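Contents: one structure, followed by commentary.
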Amino acid sequence: MSFVNFKDTTNTKNETKKRKNELTGITLDLNLDITPDAYTEIIFDIKSGDIIRGRGNGDLKLQLNTNGEFNMFGLIEFTEGAYNFTLYDIINKEFNIRAGSRISWFGDPYQGVLNLTATYRQLTSLGPILSDQTLADDPQIRRKYPVEVLLKLNGPMLSPEIEFDLESKDLPDNVVVEGKPPVRLNFEFAAFKARIDEQELKRQVFSLIILRRFSPPESFSTSGSIAGSVSEFLSNQLSYWLSQVDENLEIDLDLGSLDPEAYNTFQLRLSYSFFNGRLRVTRDGSYSNQYRSDLAAIGDWTVDYLLTPDGKFRVKMFNRTNINAINTSVGSQNPMTTGFSLLHTQNFNDINELVGKARERRKEETEEAVVDDKIINQ
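Under the numbering used here, the first residue of the sequence shown is numbered 1139, with each subsequent residue one higher.
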């Protein structure tokens, strides 16, 4: 059995009419208390990865009305964060935002004001920036120390002023160099910053970011600066790529120039560290594809071993080429010298300090001998 129900569609007396109410003149105010639990991310360019992100503290007031107007007031002070620094699709490095950096808003969300400092840390040798370049190849000087590139962003968020700086903390006061006075690396670093201009500072910053090393300041000062710069860039870039094979391996390749002869003969320095840097084997000198013997291809080599962790006692073996200044004919060969040395280094500012240290050691040895004698007699 089925039923059919008929409905009169002309009868609208019992129908309920719905009215649409439009909301006008309403403003929504949000007061936000920002804590480090909240993650903040500001995207400038999602394609290139130009992003500021992090956590912090602050107070924000958000205003939104029915006309679509949106305003922000207040600030965020970072406790931690990171900034992806990008440039021409060549550089993309992550900088750590220092605590205390802030972003402030005074209405327009796109007109925020940056007061931000971020750092990029790199381990590198300070040899290329020393005032005395004869020390640059010493094994103790070639050791790597932490250097920070400072990136300062100040002003409007979409077009801030960008400033760079270099900073290095806890550099050793005295570095022992064979046959030379001790080198004060902290003083050398401060003197280097004082004598370079803004252009040279930016060049060193990009050298640290791209090549992960300092560049000699005078490399762009000659008449052939353009060709020399390109050659230096290619040499440094190749050296960096090859050194990435192993963290203990250092490769310095110097093409010298961009002429065809550079590919036949060039300077090549290989260095490898063992036992956490205690043992270091180095090959130095020129390399040529026209070498007729394996011995000539080996070049000059040096083996350094630190007998003590502080490096005050070292043993060194070497094989060097003596340049024959008398016989310079094409067929002549330069003689080789092989030897070894035992080195002991001691830091002192004057002779009295050195004598005083020797007296203190003798006094301590005497006191230890007396104590041992008493113990035996008892």
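Note that beta-carbon positions come from the ideal geometry of N, C-alpha and C, so glycine has one too. As the structure is a computational prediction, the values presented were derived from the model and not from experiment.
- With the rule of 3 Cβ pairs closer than 8 angstroms, the stretch 1234-1251 does not count as touching the stretch 1260-1268.
- Counting only runs of at least 3 residues, the stretch 1262-1349 fully encloses the following beta strand (DSSP E) elements, listed from N- to C-terminal order: 1282-1294, 1299-1305.
- In the three-state reduction of the DSSP assignment, Q1405 falls in the strand class, which pools E and B.
- A distance below 6 angstroms between beta-carbons, with the five flanking residues on each side excluded, links R1236 to the following residues of its chain, in chain order: T1255.
- Contact between the stretch 1275-1294 and the stretch 1342-1353 is established, with three or more Cβ pairs separated by less than 8 angstroms.
- Bridge pairing for R1193: Y1177, E1218 [DSSP].
- In this structure V1321 is buried. Its beta-carbon is surrounded by 16 or more other beta-carbon atoms within 10 angstroms.
- In this chain, the beta strand (DSSP E) harbouring L1417 covers 1417-1422.
- Sequence-distant Cβ neighbours of A1220 in its own chain, meaning closer than 7 angstroms and more than five residues away, are R1191, G1192, E1232, F1233, N1234, I1235.
- Contact between W1243 and G1212 is confirmed by a C-beta separation of about 6 angstroms, below the 8 angstroms threshold.
- Exclusion of the five residues before and after P1310 leaves L1323 as the residues of its chain whose Cβ lies within less than 6 angstroms of its Cβ.
- T1446 and G1415 have their C-alpha atoms roughly 12 angstroms apart.
- Secondary structure note for D1167: its beta strand (DSSP E) is the uninterrupted segment 1165-1172.
- In the structure shown, E1385 adopts coil according to DSSP, grouped into three states.
- A direct Cα-Cα distance of roughly 18 angstroms separates E1305 from F1223.
- Shortest Cα-Cα distance from T1217 to any of T1178, L1291, I1184 involves T1178.
- With distances taken between CA atoms, M1210 lies nearest to N1169 out of D1183, N1169, D1188.
- Per DSSP, the beta bridge partners of S1242 are L1213, V1251.
- Counting only the Cα atoms, E1498 lies some 39 angstroms from N1457.
- Counting only the Cα atoms, N1312 lies some 15 angstroms from D1270.
- Nearest C-alpha to Q1342 among L1417, A1332, S1353: S1353.
- Residue burial annotation: S1411 is buried, with at least 16 other C-beta atoms found within 10 angstroms of its C-beta.
- Boundaries cannot be given for G1206, as no beta strand (DSSP E) includes it and DSSP labels it neither H nor E.
- Restricting attention to E1215, D1442, L1408, the CA atom closest to the CA of Q1278 is found in D1442.
- Beta bridge pairing from DSSP links S1479 with K1454.
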